[in-house]
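For the sequence shown, counting from 1, position 299 maps to 303 in my numbering; every step adds exactly one. For every residue, glycine included, the Cβ atom is placed at its ideal position computed from N, Cα and C.
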Amino acid sequence: MRFSPSLTAAIGASLLLAACQDAPTITRTPAPSFSTFGAGGAVVVDVSRDTTAQNETPLAFNPANPSNMITGNNDWNYNDGCGVNATFDGGKTWTPTLPSGFIPGITAFTNDPSVPGTGTYDFGGDPAVAFSPDGGTAYFTCFGYKGKNVALWLSRSSDGGRTWTAGGPDHPLALVSAFQGEGKARGSNGQFPDHESMTVANDGTIYVPWAHFTGFSGHSPIFIGVSRDGGNSFALPVKVSSGSVRSDQDARVVVDNATGYAYLTFDNSVQGGKGTAMFVSVSTDRGATWSNSFKFATFQNPVCLYPPYCFNISGGQFRAPGSYPAPAFDPTTGRLYVAYTDIVNGK
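Right, here's the structure in full:
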């Protein structure tokens, strides 16, 4: 399939638009207004109420009950489990992190030292959360790690995130993908899948893409796992990016619910430190196959954040600060929008 989108970039907001129209144009959008903390309704809530740190916190709201939301986290520093919290009052209060705030079936322990876990892994992380279209099921994915053994799992909740799949042989989680390697992380001889995301289409199809690092090569093609039975099982993962498009991260999917077409965006660190490029691939068959990746934007950061590791003086490469493209689809206009981080004129 040939995908030839045009691009409209909104410089201040770093918003990119892709649609099957004419040549790229650049426009500016008005800056949004936000109230400062404590000066107009913004409220900060301590979700985890924990003494140790958490990070990588996704958020999903229930389409049938917007007061019901779930968030996940890496329980950093100590327990390193897949943390989860849910709210049923619009974020005012959340289910507690202690003692049972881990997704069951991943780690061999819980947040309660006296209660063993129902999983087998030494630690877990990289959470992603979503709801089914009718709001009846909440989904949570994260990786489990134990030595050379790494796997990506999906857990389900039928009560808005209060309880989750119990794990263990009697109530196993759904396997998205399993990995084997001779090392524990990138930079060894092994495989290291990283930073998955999750999208659920209106027809119930679950899309879970991730970046896949392999040893010292530095290459990290995008793979995607797809479930078409509500998360009971996943098809074999499909490799989306290939060829010279191979140093990838931050893959996310958005779906045009009118056609069922799925759009997968990701960024690519250009070999040799020459900047960052962003790509999109499209599937017209619920994730069974994907088009060749189309490059819709490139940029360089104007400063080197981590000397002497930048490859050229005028620009750092990925994660300096990086782009983290986030797609959205407008069903009225048929346009694909992609928001990303950037530095323009030093800002």
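Alpha-carbon spacing of residue i relative to residue j, whole angstroms
i	j	result
Ile-74	His-223	33 Å
Trp-80	Pro-241	29 Å
Thr-61	Gly-121	22 Å
Thr-56	Leu-102	11 Å
Asp-252	Pro-173	35 Å
Phe-183	Trp-157	12 Å
Ser-287	Ala-178	23 Å
Phe-283	Ser-118	48 Å
Phe-298	Thr-209	23 Å
Thr-302	Ser-162	42 Å
Ala-215	Gly-76	19 Å
Phe-300	Ser-104	44 Å
Ala-239	Arg-232	8 Å
Ser-39	Phe-227	Residue confidence for Ser-39 is low, a pLDDT of 49 falling below 50, so the modelled location carries little weight and cannot support an answer.
8 Å Cβ cutoff met for residue i and residue j
i	j	result
Ser-327	Asp-289	no
Val-212	Gly-229	yes
Ala-134	Ala-64	yes
Ala-205	Gly-264	yes
Asn-72	Asn-66	yes
Tyr-125	Thr-114	no
Phe-333	Val-258	yes
Met-202	Tyr-143	yes
Thr-169	Pro-225	no
Ala-90	Gly-151	no
Gly-129	Asn-78	yes
Gly-435	Gly-123	Outside the displayed range of the chain (5 to 351) lies residue 435, so it cannot be described from this structure.
Range of the contiguous beta strand (DSSP E) that encloses residue i
i	result
Gly-135	Looking at the sequence shown, residue 135 is not Gly but Phe. Its beta strand (DSSP E) spans residues 127–135.
Thr-145	142–150
Pro-331	330–334
Asp-174	Premise fails: Asp-174 is in no beta strand (DSSP E) and is neither H nor E.
Asp-252	252–260
Ser-71	69–79
Ser-341	Per the sequence shown, the amino acid found at residue 341 is Tyr instead of Ser. From DSSP, the beta strand (DSSP E) with Tyr-341 extends over 339–343.
Phe-65	63–66
Cross-strand partners of residue i (DSSP beta bridge)
i	result
Phe-283	Phe-270, Lys-299
Lys-243	Phe-227
Asp-198	Ala-215
Phe-106	Gly-87
Phe-238	Its beta-bridge partners do not exist; DSSP assigns none.
Ser-161	Ala-142
Thr-111	Tyr-125
Ala-182	Ala-155
Thr-203	Tyr-211
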